[in-house]
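Our numbering applies: residue 9 is where the sequence shown begins, and numbers increase by one. Working notes, beginning with the structure itself.
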Amino acid sequence: MKFKYYNMLLGVLLLAACDKDVQVDEAPDFDVTTESTTYKAGDPIKFQFKGGDANQIYFYSGETLKDYNSKDGRIIDVAGAGATMQFSSSVQVGSQANQLSLHYSTDFNGDYSSLAKVKAATWTDITSKFKLGTSTAFLATGAIDISDLIVPGKPIYFAFKYVTKPQATNGLARQWFIQSFAINSKALLDNSIALNIADQASVGFRIVDENAENAPARSSVSATRLTMYGNVYLHAGLPQFDSTNPIFDPLNPIYNPNDPAYTGAKYVPFVPFDPNSPYNDPLSEHWAVSKPITIDKVNLGPDRSTAIKGVTSSASEEFRYTYAKPGTYKAVFVAANSSIDDIKQVVKEITLTITP
């Protein structure tokens, strides 16, 4: 009985320990020094550590995009600088002409709920500014100046408009691919770093379909590509309208979970072709509309540090770094002791003058 009692008591103590946060006693006793505060560009600088056994040590050089003062985010004002836009496109299958066009608006209210709501805004066709692909090979537009489209203080929207004409008389719809989309400010950070306003992943294209329920477009959006493709041309010759097609046999083994040929498919009863449906081959339209894009500011996110030491790394006594360009830099080291529940840190900085 005593053994059982002690086991129960040990279990209670362990549970109590698990429920208690693991606190860090104190920040590391850390400091950093250099032999001088003036160095030449291209010469390595040795930073000597005291307390280099801290759990983690991080370094901000003070250079552009590596500045401790911008560790929580860097937003650049580029109002009035102008912008460029570029993308690559290709096209395949089908034969319809002039299906795809590119438009912009500065008065769209952001209501994507229907195509009618989208088209209620003022959209201007700017297709002629850009080269569109003519084959399966992607064609790059190059950086095209769109500064004249910008209205100060207003967001701008871009939209690819796709029209599917009746395919029985105009040929099958074509499939377009748009990728490498980018809008960049004409301003440069530090006179050398491109400032990206939006890219393929962040531009936020959304498909707005005129006939989403009855004749849905086959367009899609991913982080790397926009696909624009019209609705299926329905006619009696399609396999889905062949009643003898094995997929309409409810005894087909692909529907039987106990059969080795089972694919997880769900049985769908045969529906005969309706030659009188207005959705077999309609004139249809759908758009891919971007999110609102603000041209006057660029959010670069937080500046990044260089990790010098991690929890499992051995103690570090020094760190060497070389500045390539002359200037005045605030080199900042952050040393921390941490647990899963707590962290205590100390920040040390040294102002350095880098000469030519």
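Idealized CB from N, CA, C, for every residue including glycine. Note that the structure is a prediction, hence the values are computed from the model and not measured.
Under DSSP, the beta-bridge partners assigned to residue 341 are 67 and 356. Secondary structure within the region 132-203: the beta strand (DSSP E) runs of 3 or more consecutive residues, fully enclosed, are 165-172 and 183-197 (chain order).
Rounded to whole angstroms, the gap between the alpha carbons of residue 337 and residue 213 is 41 angstroms. Between the beta-carbon of residue 95 and that of residue 187 there is about 7 angstroms, and that keeps the pair under the 8 angstroms contact cut. CA-CA distance, residue 298 to residue 134, rounds to 15 angstroms. Where residue 129 is concerned, there is no enclosing beta strand (DSSP E), because DSSP gives it neither an H nor an E. A direct Cα-to-Cα measurement between residue 61 and residue 148 gives close to 52 angstroms. Secondary structure note for residue 97: its beta strand (DSSP E) is the uninterrupted segment 91-100.
Residue 214 is bridged by DSSP to 297.
Note: residue 39 is bridge-paired with 58 in the DSSP secondary-structure output. For residue 92, the closest C-alpha among the options 264, 205, 121 and 359 is that of 205. Inter-segment contact for the region 159-171 and the region 289-297 is present: three or more beta-carbon pairs are separated by less than 8 angstroms. Counting along the chain, residue 291 sits inside no beta strand (DSSP E), nor does DSSP assign it H or E at all. Residue 208 holds the alpha-carbon nearest to the alpha-carbon of residue 232 among 217, 218, 302 and 208.
Beta-carbon to beta-carbon, residue 324 and residue 57 are separated by about 6 angstroms, close enough to satisfy the 8 angstroms threshold. Here the C-alpha atom of residue 145 lies approximately 49 angstroms from the C-alpha atom of residue 320. For the pair residue 340 and residue 355, the CB atoms are nearer than the 8 angstroms cut-off.
According to DSSP, residue pairing for residue 335 in a beta bridge involves 362. By the CB criterion at 8 angstroms, residue 345 and residue 30 fall outside the cutoff. Residues of the same chain with a CB within less than 7 angstroms of the CB of residue 262, apart from the 5 flanking positions on each side, are 269, 270, 271 and 273 in chain order. Close CB contacts of residue 179 within its chain, under the 7 angstroms cut and outside five residues either way in sequence, are with 102, 103 and 104 (chain order). A contact is defined here as three or more CB-CB pairs under 8 angstroms, and the region 129-143 fails this definition with respect to the region 273-288. Residue state for residue 76 is assigned as helix, using DSSP reduced to three classes. Here residue 110 carries a strand assignment [DSSP, helix/strand/coil]. If you draw a straight line from the Cα of residue 140 to the Cα of residue 80, it is about 40 angstroms long. Taking a cut-off of 8 angstroms for Cβ pairs, the region 106-114 and the region 62-75 do not touch, as fewer than three such pairs fall below it.
Secondary structure of residue 256 (DSSP, three-state): helix.
For the pair residue 45 and residue 363, the CB atoms are not nearer than the 8 angstroms cut-off. Residue 84 and residue 161 have their C-alpha atoms some 15 angstroms from each other. Distance check between residue 226 and each of 333, 195, 181 and 43 places 181 closest, using alpha-carbon atoms only. Going by beta carbons, residue 241 and residue 289 fall inside the 8 angstroms limit. Taking the C-beta atoms as reference points, residue 185 is found no nearer than 8 angstroms to residue 142.
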